[in-house]
Amino acid sequence: MKPEMIVEIVDYVVGDDGPLNYVLTRSQEVMQAYGNVLGKLLAPKNLSTLQVAYNRVREDVLNCLNLLQTTEAEVYYSNSLMIEKKLMIYFNALYSLGIVKNSLIAMMGLSPSLFTFLMRETPIIEKQFIINHPGCHYALLYIIKTHSEKHENFVANSSLLIDKNSLSLVAEPATAKHTTMILNIVTKLLNVDDLLWAETRNLLVDWIHGFVFALTPDVLQHILDKPETIEMRAALLDSFVRHSLPKKTQLDNKSFCNPEVSVSHWCAAITSHRIRHFTLLRRLAVFNLVKNGRPKVTAKFVKRIFEQCQSDCQNKATGIWQATPPVLFIR
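Residue numbers for the sequence shown follow the numbering used here, so the first one is 953 and each next one is one higher.
Okay, here's the thing in structure tokens:
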């Protein structure tokens, strides 16, 4: 197919005069069908088609994100719902591209790469976006998480693992800074996780959990004291103090649980996530930041504990004491 024809087809599907604005007012089935067509245009089977479709979608996504940040209340409230619907359709299509395992096209054939676009050009860490559009924020974070997990070379080629001296004779891999960027983004989101949906916060912890437990003990030990990792561990420690839950809550107890299956599943999900959170804290030796006497971290940790104990949230205070190793207080 000639390039001119490809552009014409893509512009018809994605362009300003295309069917998307009409699709947004139709049923869920119609929107899903449109999303499937868009996903096929973004399939990495034909590079020329993908590049045209990707650039057009990227352009429209950025335009939608900019529109959501408008300060005019009347415009904001009248258009935000339609803009969010449009973004969700685009995110769904980009997800189909993001889940392709170890795709060289997604990493090298697109400019900017999908990872760079999602991590650097979107408001993934901006408070206004997090607070006002939590659904879009969750979807965006989910795509980035999944895309990163599908590309093992993000970690294998990371500058955190490669000796700088060994790079003197070869060019640094294009993905060398990706893991560092992930750690920085995760840290910034952990620092504002009070603003996140509970589901988004769980997604964030699951991302860290998957990343950390995929590393061998030797590799993990190698990066544990890197500045980027220390900052992430400190943010995780602070997040733990803010959101800790006890090993058993009322909803965990069968005598208090609603017998309905949905509630039981909710209880199981809460318990499962709490266990994953605690195992992550131990895997990253997060409490060693306090035990080894890093003054700022220790002072912040102790202050947070007393704040939680003085608050009305007994569950959080109980969770802190149950999860914190006793050796921290027996010194």
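Idealized CB from N, CA, C, for every residue including glycine.
Here the structure is a predicted model, which means the values were calculated and not measured.
Secondary structure at residue i, three-state DSSP: helix, strand or coil?
i: V1144; result: coil
i: G970; result: coil
i: R1072; result: helix
i: D963; result: helix
i: K1129; result: coil
i: I958; result: helix
i: V1238; result: coil
i: I1077; result: coil
i: P996; result: coil
i: S1191; result: helix
i: I1114; result: coil
i: I1065; result: Per the sequence shown, the amino acid found at residue 1065 is Ser instead of Ile. Correct three-state label for S1065: coil.
i: S979; result: coil
i: A1166; result: coil
i: N1044; result: helix
i: V1254; result: helix
Is residue j closer than 7 Å to residue i when the C-beta atoms are compared?
i: I1083; j: L1147; result: yes
i: L1062; j: Y1006; result: yes
i: L1020; j: I1041; result: no
i: N1143; j: T1127; result: no
i: C1088; j: L1039; result: yes
i: V989; j: V982; result: no
i: T1001; j: I1051; result: no
i: V1242; j: T1250; result: yes
i: Y1047; j: I1077; result: no
i: K1053; j: K1102; result: yes
i: W1149; j: P1075; result: no
i: F1165; j: A1091; result: no
i: L1188; j: V1238; result: yes
i: M1060; j: M1133; result: no
i: S1191; j: D1145; result: yes
i: L994; j: L1049; result: yes
i: S1065; j: P996; result: no
i: L1113; j: R1185; result: no
i: R1228; j: H1161; result: yes
When burial is assigned at 16 or more other CB atoms within 10 Å of the CB, is residue i buried or exposed?
i: V1004; result: buried
i: T1131; result: buried
i: Q980; result: exposed
i: Q1260; result: buried
i: M957; result: exposed
i: R1234; result: exposed
i: R978; result: exposed
i: E1212; result: The predicted position of E1212 is uncertain, since its pLDDT is 49 and thus under 50; a value taken from the coordinates is nonetheless stated next. It counts as exposed.
i: L1014; result: exposed
My understanding is that residue i touches residue j, with C-beta atoms under 8 Å, so please give their C-beta distance in whole angstroms.
i: A1045; j: V1009; result: 7 Å
i: T1152; j: L1093; result: 6 Å
task: Would you check if the segment 1174-1182 and the segment 1255-1264 touch, i.e. whether three or more CB-CB distances between them fall below 8 Å?
output: no
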